[in-house]
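Remarks on the structure that follows.
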Amino acid sequence: MTNSRQLQPGALSMSNKSSFDSYRRRFLGGVASTVAGMGVAPGVVLHSVGHAKPAGDAVTGDVRWGMLIDTNKCAAGCDDCVKACDDEHGLTGFDRPETDAQWIRKVTLKDKQTGHTQTLPLLCQHCEKPPCVDVCPTGASFRREDGIVLVDKHICIGCRYCMMACPYKARSFVHETLQDQKPFAPRGKGTVESCTFCVHRVDNDRTPACVEACTAENHNAMVFGDMNDPDSELSRQLKKYNSRQIRADLELNTGVRYRGI
Amino acid sequence: MKQDDFREIEGGRPFYLLLGFIGLFVLAGLGAAWYMEHHGHWVTGMSNQIIWGTPHVFAVFLIVAASGALNVASISSVFGKTPYKPLARLSGLLAITLLVGGLAILVLDLGRPDRLIVAMTYYNFKSIFAWNIFLYIGFMGVVAIYLWMMMERKMNRFTKSAGFVAFIWRLILTTGTGSIFGFLVARQAYDSALLAPMFIIMSFSFGLAIFILVLMASYKWSNRPLGDVILFRLKNLLGVFIGAVLYFVVVYHLTNLYITEQHGVERFILLEGGVYTRLFWVVQILLGSLLPLALLYNPSTGKSRGWIGIASLLVIVGGLAQMYVIIIGGQAYPLELFPGKEVTSSFFDGGINAYAPSLPEITLGVGGVALALAATLVGVRVLRFLPVSLADDQIDQSGEVA
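Read top to bottom, the protein sequences are chains D and Z.
The working numbering numbers the first residue of the first sequence as 1 and each following residue consecutively.
The working numbering numbers the first residue of the second sequence as 1 and each following residue consecutively.
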């Protein structure tokens, strides 16, 4: 506003040329610093999000968080994992199933040939080579060193290309204004979101809410842990039992594995 | 053809009336975008199942047509066909304006269009989308320089070089647009290298159809002569392009029909897809390809301006239908996560995804088309894009190779 005050009538006359030049220099300088600021500021935010773990406890590739889901133990009609996720992250819907977000869902499978029926929870598979990260134009979709795939809500532009690319339909677009959000699960209209593996819990040595709920019901169909640690319960079970990746043909090396499918 | 042979179109009342009329659609499009952003996308037909809707049909159509509209200029500058030279400027102008219209739709449909600056400052170079941002902006710059070389006498000697760069750029650009879908390994209808060249040939056809209509309209309304020689050349070329698109469509479906795992999606599009099947067979194939081919090559209708115009319009309608089938039909068919299983869930897994275009989406799409037309109209008013005459005796066929 200070600059604009100098643009009085006559400001462009020859006698005022030097003051106009100085105005122009200041104006261009202001524009340049604003543009530079806009470029840098989101980077600062991104940096802080990318290192969300407490200081001195940096995210490293030494850990690969993963999950094993035993479909034989997954009870038909039970959706405790889904409810726990919704509660944990404040995923209240608008009773509009086509546009309401779902980070984890129960899927029922019936074999076309034999009629055998089973159910399983489907969530972000936290791929080692995630197609959503590949296609994201701004880098908002990213994979932490420890294998957790997240969306940086600050630089997501809402193009939804990640949703087109995800083979698991794991992502939701926020279709309307949200209220009463959880501080550790920021969500925003016009951006894309998905299962975070409860990164806020995992970073504090807790298990994801869905796993906790499944265990609390004594179903024990979900095991969470470090795939890189041979002594973890997850690694032990993965080694002992045959497990499968959904759409293993894509060779994405998913962090979520299934038994019994 | 000399510089003096080009003139701006007349201003005055009819010009402003037409511009105002088109401007109303632009305003309506902006209003629709504001409504969608204000309320969120739930007010549209789009959902977590149909992620890209009608705005993308219009946007991708315009972006594809934009690169195709440049063909007429390329034929003149790169391939040395002198009869097309007078048309090269309009061809370049349409390439830019159609792209602007398409990009405007794409940006206004973003969940966060206010973050355009983020899209301009953060890049993930593994994303074909990120590459496309460079390709689109670069294309406008390259074509603008190309136009400058054509329109500034001192620069004319660089026309061929600039035209060559623009031609290569447009091929890469449409490869990028087709690859947005071609690179999507997750979905049955996409995940094909064929989509990139198919989009290129589609661009030839859609771009030329728009070019012919704009040319005929602007010469009729500005009372300038447009001879049969140039128009018949263009319509014959359009026929070749329509045939080429058909060829790619046939090869795409034949390949899928040979691959057992693709039978589901083919059965959906070709037989049981309801609106998508009807759009494919009736609008894309019959009305948008076979009928215009017949009209353009029939000895009597092929010499009628009215029928040439109708054939061009049909190509555009067919092209929009083709985009609708590719973009929305491709998403309506469910992801194949568990082969051999019937899949159900509260998130619509395993079923055909429902979608109906909403008024705001259509208004935004039409608004983008209107923006392209308005920009073209202003362009031919303020700069010398159009030759005073395209009568037969003005067309230089001397440089033709027999």
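Every residue gets a Cβ at the ideal spot worked out from N, C-alpha and C, and that includes glycine.
query                                                                                                                               : result
Separation of F6/Z from R384/Z, as counted between CA atoms                                                                         : 5 Å
W52/Z, enclosing alpha helix (DSSP H) - first and last residue                                                                      : Unbroken run through W52/Z: none, as it is neither H nor E.
R206/D classed as buried or exposed, judged by whether at least 16 other C-beta atoms fall within 10 angstroms                      : exposed
Test item: CB-CB of L337/Z and I246/D under 8 Å                                                                                     : yes
Under 8 Å between C-beta atoms of G45/Z and A356/Z                                                                                  : yes
Residue interval of the beta strand (DSSP E) (run including K341/Z)                                                                 : 341 to 345
Supposed contact pair L68/D and Q237/D - C-beta distance, whole angstroms, cut 8 Å                                                  : 6 Å
Neighbour-count burial assignment, N220/D, 16 or more Cβ in a 10 Å radius                                                           : exposed
Nearest-angstrom Cβ-Cβ length linking C195/D and L120/D, presumed shorter than 8 Å                                                  : About 14 Å separates the two Cβ atoms, so there is no contact after all.
Buried or exposed by the 16-neighbour rule on C-beta atoms within 10 Å, applied to G80/Z                                            : exposed
Interface positions of the region 121 to 141 of chain D facing chain Z (Cβ-Cβ less than 7 Å), listed along the chain                : P131, D134, V135, C136, P137, T138, G139
Below-8 Å beta-carbon distance, V366/Z vs any chain D residue                                                                       : no
Boundaries (first-last residue) of the alpha helix (DSSP H) holding F25/Z                                                           : 12 to 39
Within chain Z, partners of H175/D - CB distance below 7 Å                                                                          : G40, H41, W42
Cross-strand partners of G225/D (DSSP beta bridge)                                                                                  : G66/D
Minimum C-alpha distance to L250/D - residue among P131/D, R160/D, G115/D                                                           : P131/D
Residues of the region 59 to 73 of chain D whose Cβ lies closer than 9 Å to any Cβ of chain Z, in chain order                       : none
Cβ pair A32/Z, G273/Z closer than 8 Å                                                                                               : no
Cα-Cα separation between C127/D and R64/D, rounded to whole angstroms                                                               : 11 Å
Below-8 Å beta-carbon distance, E342/Z vs any chain D residue                                                                       : yes
Length of the line joining the Cα atoms of F184/D and H200/D                                                                        : 7 Å
Rounded C-alpha distance that separates C166/D from T363/Z                                                                          : 29 Å
N- and C-terminal bounds of the beta strand (DSSP E) containing Y258/D                                                              : 256 to 259
N- and C-terminal bounds of the alpha helix (DSSP H) containing I148/D                                                              : From DSSP, I148/D is part of no alpha helix (DSSP H); its letter is neither H nor E.
For V107/D, the first and last residue of its enclosing beta strand (DSSP E)                                                        : 104 to 111
8 Å Cβ cutoff, Q49/Z in contact with chain D                                                                                        : yes
DSSP state of P183/D mapped onto helix, strand, coil                                                                                : coil
Top-ranked residue by Cα proximity to A65/Z, from W221/Z, M202/Z, L24/Z                                                             : M202/Z
Validate contact between the region 216 to 223 of chain Z and the region 175 to 195 of chain Z using beta carbons, cut 8 Å, 3 pairs : no
Burial state of R259/D, where buried means 16 or more other Cβ atoms lie within 10 Å                                                : buried
Cα-Cα separation, F125/Z to T138/D                                                                                                  : 9 Å
Proximity test, Cβ basis, 8 Å: W34/Z and chain D                                                                                    : no
Every unbroken alpha helix (DSSP H) inside the region 343 to 385 of chain Z [4 residues or more]                                    : 359 to 382
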